[in-house]
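Numbering follows our numbering, with no gaps: position 105 of the sequence shown is 1366.
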Amino acid sequence: MVPIEQVKDSYDIKPETCRKCGHALEGQDPEPYRHQITEIPPVVAEIVEYRLHGLSCPECGTETCAELPPGVPQGAFGPRMQAMVSLLSGRYRLSKRDTAEVMDDFFQAGISTGSICALEQRASEAISGSVEEAREYVKEQPVVHMDETGWREANKKAWLWVAATSLVTVFLIRCSRGSKVDKEMLGETFGGILNSDRWSAYNWVTVSLRQLCWSRLLRDFQAFVEREGESQRIGEAILAQSDLMFEWWHRVRDGTMTRATFQAKMKPVQQKVGKLLCQGTACAHDKTAGTCRDILKREAALWTFVHVEDVEPTNNLGERQVRHGVLWRKMCFGTQSEAGSRFAERIMTVVATLKQQQRNVLDYLTEACDAANWGRPAPSLLLTAPTS
1262 MVPIEQVKDS YDIKPETCRK CGHALEGQDP EPYRHQITEI PPVVAEIVEY RLHGLSCPEC
1322 GTETCAELPP GVPQGAFGPR MQAMVSLLSG RYRLSKRDTA EVMDDFFQAG ISTGSICALE
1382 QRASEAISGS VEEAREYVKE QPVVHMDETG WREANKKAWL WVAATSLVTV FLIRCSRGSK
1442 VDKEMLGETF GGILNSDRWS AYNWVTVSLR QLCWSRLLRD FQAFVEREGE SQRIGEAILA
1502 QSDLMFEWWH RVRDGTMTRA TFQAKMKPVQ QKVGKLLCQG TACAHDKTAG TCRDILKREA
1562 ALWTFVHVED VEPTNNLGER QVRHGVLWRK MCFGTQSEAG SRFAERIMTV VATLKQQQRN
1622 VLDYLTEACD AANWGRPAPS LLLTAPTS
């Protein structure tokens, strides 16, 4: 039920006679029952024509043609249509053909699949500056969540990387899954806390500046349990400690336990988990022993969240944001060119960031495309753009 101020039309319907005796009724109900109907009116694309006249000079005979006024697109489609096409293909992951059908069915705006590709590239160029600004912003944040997933570019293997903060998320598509990519995203002088899984590409970050994702670790420890024997005993014991850890962590997050109390309670948990991991290195099961050895190399990164505020024990934010790319890959099978990859990473950056900030994506893309027509930079993706 929306406020009455947002209602376009309203109609007061009054009963004329008593439903029991039939006597005529008059008066006003101070609180009538309200029944609202939401409807979408027909929307038809508008076509504006600019007639550029060519006139001959009566003095010298030279013909001069008029030029389009400033801000008028050089192509056949306006900024909102460019934004809509980019949103349908980039956010809702429609194929070029389906996007063309939606534009025709919903707006009676005919467009070819080739024109859709061209509009995607114009939108990609329009938002490139604001996306680059967002990437630089991420490098300076105190906590960054990172993850990566498989991708295809021109039928070749690639990876989609994500770096997420509380207000900004950026994506990057590269043919490498190595450390050079996360160095590109974080900057080689990164001084914040990196929250990630145990993938080796992140090992260049100092252990004291890392938080290993406990969601991934729990899967590792559950795998210990499924191997039975000594591996099972160690896995069950670590999982029991993790249950206590998460119970207390949720209380800290909800404000029902102080951080000082949490830190005191966690000391024996940290000691027990460390001892169990050491025991695991001697386990007869090679995979269990290997995992324990690898975790112990970065043991301090298990507990960063205990001592540093605003650090989560899990990388759920990074995993949730990379899901955008997973769905794109499943529905569109990646990208067909380098230009397509740039569009994908930029539009995913815009969509994910604006959703975090509860800003309207279509409005933003429209403003960005319109700004490009005027030769201006796109609006900032940052809630407060840095001053120069």
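Every residue, glycine too, gets a C-beta built ideally from N, C-alpha and C.
Neighbourhood of residue i by C-beta distance below 8 Å, restricted to the same chain and skipping five residues each side
{"i": "Val1363", "result": "Leu1349 and Leu1355"}
{"i": "Gly1439", "result": "Ala1462"}
{"i": "Phe1566", "result": "Gln1472, Trp1510, Val1572, Glu1573 and Pro1574"}
{"i": "Ser1476", "result": "Thr1575, Asn1576, Asn1577 and Glu1580"}
{"i": "Ser1437", "result": "Trp1420"}
{"i": "Phe1367", "result": "Val1304"}
Identity of the residues DSSP links to residue i by a beta bridge
{"i": "Glu1409", "result": "Trp1422"}
{"i": "Leu1500", "result": "Answer by DSSP bridge pairing: none, since Leu1500 is not bridged."}
{"i": "Asn1621", "result": "Bridge partners of Asn1621: none, in fact."}
{"i": "Asn1456", "result": "His1406 and Gln1472"}
{"i": "Gly1315", "result": "Cys1326"}
{"i": "Thr1278", "result": "Ala1285"}
{"i": "Lys1653", "result": "Because the chain is modelled from 1262 through 1649, residue 1653 falls outside the range shown and cannot be assessed."}
{"i": "Glu1414", "result": "Lys1417 and Thr1596"}
Same chain, Cβ closer than 6 Å to residue i, five either side skipped, listed in chain order
{"i": "Asn1456", "result": "His1406, Gln1472 and Asn1576"}
{"i": "Val1268", "result": "none"}
{"i": "Leu1500", "result": "Phe1482"}
{"i": "Gln1672", "result": "Lying before the first or after the last residue shown, residue 1672 is absent from the chain, which here runs from 1262 to 1649."}
Close-in-space but distant-in-sequence residues of the same chain around residue i (CB under 7 Å, 5 per side omitted)
{"i": "Ala1646", "result": "With a pLDDT of only 48 at Ala1646, under 50, the local geometry of the prediction cannot be trusted, and the value read off the model is given with reservation. Excluding sequence neighbours, Ala1646 sits near nothing in its chain."}
{"i": "Gly1339", "result": "none"}
{"i": "Gly1541", "result": "Ile1495, Thr1549, Ala1550 and Cys1553"}
{"i": "Thr1648", "result": "In this predicted model, Thr1648 has a pLDDT of only 43, less than 50, meaning its place in the structure is not dependable; the value taken from the coordinates is given anyway. Correct list: empty, nothing qualifies."}
{"i": "Gln1343", "result": "Leu1380, Arg1383, Ala1384 and Cys1630"}
{"i": "Ser1347", "result": "Leu1380, Glu1381, Ala1384, Ile1608 and Leu1626"}
{"i": "Arg1637", "result": "none"}
{"i": "Ser1469", "result": "Ala1561"}
N- and C-terminal bounds of the beta strand (DSSP E) containing residue i
{"i": "Cys1326", "result": "Glu1324 to Cys1326"}
{"i": "Ile1265", "result": "Ile1265 -> no beta strand (DSSP E), and no H or E assigned at all."}
{"i": "Phe1368", "result": "Counting along the chain, Phe1368 falls outside any beta strand (DSSP E), though it belongs to the alpha helix (DSSP H) covering Lys1357 to Phe1368."}
{"i": "Phe1594", "result": "Counting along the chain, Phe1594 falls outside any beta strand (DSSP E), and DSSP gives it neither H nor E."}
{"i": "Phe1432", "result": "Thr1430 to Arg1435"}
Opening and closing residue of the alpha helix (DSSP H) in which residue i lies
{"i": "Leu1227", "result": "Here the chain covers residues 1262 to 1649 and nothing more, so residue 1227 does not appear."}
{"i": "Ile1308", "result": "Taken as a continuous stretch (DSSP letters only), Ile1308 belongs to no alpha helix (DSSP H), as it is neither H nor E."}
{"i": "Asp1270", "result": "Taken as a continuous stretch (DSSP letters only), Asp1270 belongs to no alpha helix (DSSP H), as it is neither H nor E."}
{"i": "Pro1638", "result": "From DSSP, Pro1638 is part of no alpha helix (DSSP H); its letter is neither H nor E."}
{"i": "Cys1553", "result": "Asp1547 to Lys1558"}
{"i": "Ile1372", "result": "No alpha helix (DSSP H) contains Ile1372, which DSSP labels as neither H nor E."}
{"i": "Ala1521", "result": "Arg1520 to Gly1541"}
{"i": "Ser1440", "result": "Ser1440 to Leu1447"}
{"i": "Arg1295", "result": "Neither: Arg1295 is in no alpha helix (DSSP H) and is coded neither H nor E."}
Any chain C beta carbon closer than 8 Å to residue i
{"i": "Glu1292", "result": "Of the protein chains in the structure, only one exists, and it is not chain C."}
Inset, instruction - Specify whether the stretch 1365 to 1381 and the stretch 1541 to 1548 touch according to this definition: at least 3 beta carbon pairs, one from each stretch, less than 8 Å apart. - result: By the criterion of at least three beta-carbon pairs nearer than 8 Å, the stretch 1365 to 1381 is not in contact with the stretch 1541 to 1548.
Inset, instruction - Would you check if the stretch 1436 to 1455 and the stretch 1507 to 1515 touch, i.e. whether three or more CB-CB distances between them fall below 8 Å? - result: When C-beta atoms of the stretch 1507 to 1515 are compared with those of the stretch 1436 to 1455, fewer than three pairs fall below 8 Å, so the two segments do not count as touching.
Inset, instruction - Could you say if the stretch 1391 to 1405 and the stretch 1586 to 1599 meet the contact criterion of at least three C-beta pairs nearer than 8 Å? - result: Not touching, per the Cβ criterion.
Legend entry - Inter-stretch contact at 8 Å, needing at least 3 Cβ pairs: the stretch 1391 to 1402 / the stretch 1637 to 1644: Enough Cβ pairs lie closer than 8 Å, so yes.
Legend entry - Three or more C-beta pairs below 8 Å linking the stretch 1595 to 1608 and the stretch 1411 to 1419: Touching, per the Cβ criterion.
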